[in-house]
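In what follows, a structure is listed as structure tokens, so that the remarks can point back to it.
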Amino acid sequence: MSDRAVIIVEEAPSCDEYEQRSGNLERNLDLARKNIDVLQQRIIKVEKKIDKVREKKEILDKDNRKFKRAIERSEREGASWDGWRVGIAP
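Sequential numbering of the sequence shown, starting at 1, is according to the numbering used here.
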């Protein structure tokens, strides 16, 4: 057996190919930046919606506490739930 070495030679890309690859990378980078901006705007909108829902939930929780207290007070005063529900409670 003879010892042979295989040498692979690659040709360096031409200036045009390099510029084309570089341009593609720049376009991809610009597109990625635009996508990030769009996503950040969506996040801001969703956070605003979450804040509105949280505020509405707090209002509902407060109203529910008042309603529960009214029911408890009516029960202590002897009103039945059925009577209270139809507005006959004392």
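For every residue, glycine included, the Cβ atom is placed at its ideal position computed from N, Cα and C. Computed from a predicted model, the values in this text were never measured in an experiment.
So, helix, strand or coil for residue i, using DSSP?
i          : result
residue 4  : coil
residue 22 : helix
residue 9  : coil
residue 74 : helix
residue 90 : Unreliable positioning characterises residue 90 in this predicted model, as indicated by a pLDDT of 49, which lies under 50. A coordinate reading is not provided.
Which residues in the same chain have their Cβ closer than 7 angstroms to the Cβ of residue i, if we skip the five residues on either side of it in sequence?
i          : result
residue 36 : none
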